[in-house]
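Q: This is the structure I want to talk about, given as structure tokens.
Numbering (this note's numbering), first residue to last: 11 to 425.
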């Protein structure tokens, strides 16, 4: 039996479930416990004809122009677990297991496809089209973890969101199906969820599954039933109820609360997996307002704070949430890969380790620190609500240092 996929959760809420014409997106990234995630920004760029881009394992053709992106990613790889681009597109990925074994040969990782979709798609649908075209051309495969002793491979599912709609895209090899969502609450986790409502699919999908003997063509085509291992496609989502309970009031804060919830299982803290980073994005349906993306950059959202980022030109880079770079000496880039594990901790991660030990060893001091941190987070959330309720257009100079200053303030509290 294949290893279970890490139990990450992603959510999206549309009006009327969410507040004030906002689309709210969130994800907890469950990964191996000791893996470091960094938050990185790449400016929009133009590329020469014929240039290539080096993804985690393979090189592919570059496109003439890539959009600006902000990503939360395991710091050893090229792609991302989740992120957003300057056009208000958000993408998150889930590792899934299907009846088709995932390929060990190195190709694109699901996480590479997250970044490629964001860099190349100006809407959710464009990002979806990018991802499925690249799947068709290059396939998916290769080790999901920084582990030299064994190869962990998975198929991919994606939640792709913009100000108007979301797409749930589920894949097995190069085959895929997708459902479009424009209202209510949707949750995806580490198992297939698409059933008979399919709004787009691989042109050969049904012929392929018939040829495998997985579907006879007589019954309704149900993607999860056809592709899941026996009994795997149960309703997975414990967080969805909590969001639906908000009754039309899902906000950034409500999404953060759901991501922090350990009792529901949404905030993973188990023997092998931990929520190593989280994101919440607020996408106003009115395009005259900016999208706001909150990142933790540190493990366990119940002990981390969500810090806002807004895309503007010349946004200030934040080296304190970036892992050290090892260039071509990185063991992830040398063959055989992962023969050693370098120390990838960034400054904020190290400060958090200290805070975590304080929380565990000195309850009073730890709780006092946590209260200060949450107060800081609340100030950030309120300042962003203010930006979204104004009538005048946002002055970019006001937010160019926003994420930088939040990380800086957080570090000062730890000092």
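We treat Cβ as the ideally placed atom computed from N, Cα and C, and that holds for glycine.
1) Can you confirm whether the stretch 161-168 touches the stretch 119-134 when touching is taken to mean that 3 or more C-beta pairs between the two stretches lie within less than 8 angstroms?
2) Flag this pair as yes or no: are the beta carbons of residue 420 and residue 384 separated by less than 9 angstroms?
3) Helix, strand or coil for residue 85? Go by DSSP, reduced to three states.
4) What separation, rounded to the nearest whole angstrom, lies between the Cα atoms of residue 221 and residue 215?
5) In this structure, what does DSSP give as the bridge partners for residue 92?
6) Taking residue 200 and residue 15 to be in contact with their CB atoms under 8 angstroms, please state how far apart those CB atoms are, rounded to whole angstroms.
7) Measure from the C-beta of residue 217 to each C-beta in chain B and report whether the shortest distance is under 9 angstroms.
8) For the pair the stretch 297-313 and the stretch 277-287, tell me if three or more CB-CB distances fall below 8 angstroms.
9) Leaving out five residues on either side along the sequence, give the residues of the same chain with a beta carbon under 7 angstroms from the beta carbon of residue 233.
10) Would you give the residue range spanned by the alpha helix (DSSP H) that residue 36 belongs to?
11) Considering only C-alpha positions, which residue in the set 170, 372, 236, 252 is nearest to residue 110?
12) Under 8 angstroms, with one C-beta from each stretch per pair, do the stretch 318-330 and the stretch 394-412 reach the 3-pair mark?
13) Along the chain, where does the beta strand (DSSP E) containing residue 289 start, and where does it finish?
14) Is residue 334 closer than 9 angstroms to residue 6 when the C-beta atoms are compared?
15) Taking DSSP as the reference, what is the three-state secondary structure of residue 154?
16) Are the stretch 129-137 and the stretch 62-82 in contact at 8 angstroms, needing three or more beta carbon pairs?
17) When you compare only the Cα positions, how much space is there between residue 190 and residue 225?
18) Which of the three DSSP states is assigned to residue 225 in this structure?
19) Tell me the DSSP secondary structure of residue 199 in three-state form.
20) For the stretch 348-365 and the stretch 40-50, state whether three or more C-beta atom pairs, one from each stretch, are separated by less than 8 angstroms.
21) So if DSSP puts residue 20 in a beta bridge, which residue, or which two residues, is it bridged to?
22) Determine the DSSP secondary structure at residue 112, reduced to helix, strand or coil.
23) If you draw a straight line from the C-alpha of residue 117 to the C-alpha of residue 104, how long is it?
24) Between the Cα of residue 57 and those of 72, 138, 396, spot the shortest distance and give me the residue it belongs to.
25) Taking one C-beta from the stretch 135-150 and one from the stretch 192-199 each time, how about it: are there three or more such pairs within less than 8 angstroms?
26) Between residue 260 and residue 29, which are expected to be in contact by the criterion C-beta below 8 angstroms, what is the C-beta distance as a whole number of angstroms?
27) By the three-class DSSP mapping on this structure, what secondary structure does residue 208 have?
28) Do residue 21 and residue 195 come within 9 angstroms of each other at the CB atom, strictly closer than that value?
29) Can you determine whether any heavy atom of the ligand COA sits closer than 8 angstroms to the C-beta of residue 263, and answer yes or no?
30) Take residue 107 as the anchor and find which of 250, 151, 90 has the nearest alpha-carbon.
31) Using the C-alpha atoms, what's the distance from residue 292 back to residue 264?
32) Work out the CA separation of residue 391 and residue 177 for me, nearest whole Å.
A: According to the structure data:
1) The stretch 119-134 vs the stretch 161-168: in contact.
2) No; because the gap between Cβ atoms is not below 9 angstroms, this pair is not in contact.
3) DSSP places residue 85 outside both helix and strand once states are collapsed to three, so it counts as coil.
4) Rounded to whole angstroms, the separation of the alpha carbons of residue 215 and residue 221 is 10 angstroms.
5) Answer is 82, 102.
6) Contact flag correct, Cβ pair sits at about 4 angstroms.
7) In the structure shown, chain B cannot be found, because there is only a single protein chain.
8) The answer is yes - the stretch 277-287 touches the stretch 297-313, with three or more Cβ pairs under 8 angstroms.
9) Cβ within range, chain order: 180, 187, 202, 204, 205, 208.
10) Where residue 36 is concerned, there is no enclosing alpha helix (DSSP H), although the beta strand (DSSP E) it sits in stretches over 32-42.
11) Closest by alpha carbon: 236.
12) With the cut-off at 8 angstroms, the stretch 318-330 and the stretch 394-412 touch.
13) Per DSSP, residue 289 is one residue of the beta strand (DSSP E) stretching across 283-294.
14) This structure cannot settle anything about residue 6, because the visible part of the chain is limited to 11 through 425.
15) In the structure shown, the three-state DSSP call for residue 154 is coil.
16) Three or more pairs of CB atoms, one per stretch, sit closer than 8 angstroms, so the stretch 129-137 contacts the stretch 62-82.
17) Take the alpha-carbon of residue 190 and the one of residue 225: they are about 23 angstroms apart.
18) The answer is coil: DSSP assigns residue 225 none of H, G, I, E or B.
19) Residue 199: coil per DSSP, three-state reduction.
20) Yes, since at least three Cβ pairs between the stretch 348-365 and the stretch 40-50 fall closer than 8 angstroms, the two stretches touch.
21) 37, 198, per the DSSP bridge assignment.
22) It is coil, neither helix nor strand.
23) Near 17 angstroms, if we compare the C-alpha coordinates of residue 104 and residue 117.
24) Comparing Cα-Cα distances from residue 57 to each of 72, 138, 396, the minimum goes to 72.
25) Contact check between the stretch 135-150 and the stretch 192-199: fewer than three CB pairs, one atom from each, fall below 8 angstroms, which does not count as touching.
26) About 6 angstroms; that satisfies the 8 angstroms criterion.
27) Looking at residue 208 - three-state DSSP - the assignment turns out to be coil, as it is neither helix nor strand.
28) Cβ atoms of residue 195 and residue 21: closer than 9 angstroms.
29) Judged by which ligands are present, the structure shown has none, so any question about the ligand COA falls away.
30) Per the Cα distances, 151.
31) Whole-angstrom Cα-Cα distance: 11 angstroms.
32) Rounded to whole angstroms, residue 177 to residue 391 spans 27 angstroms at the Cα level.
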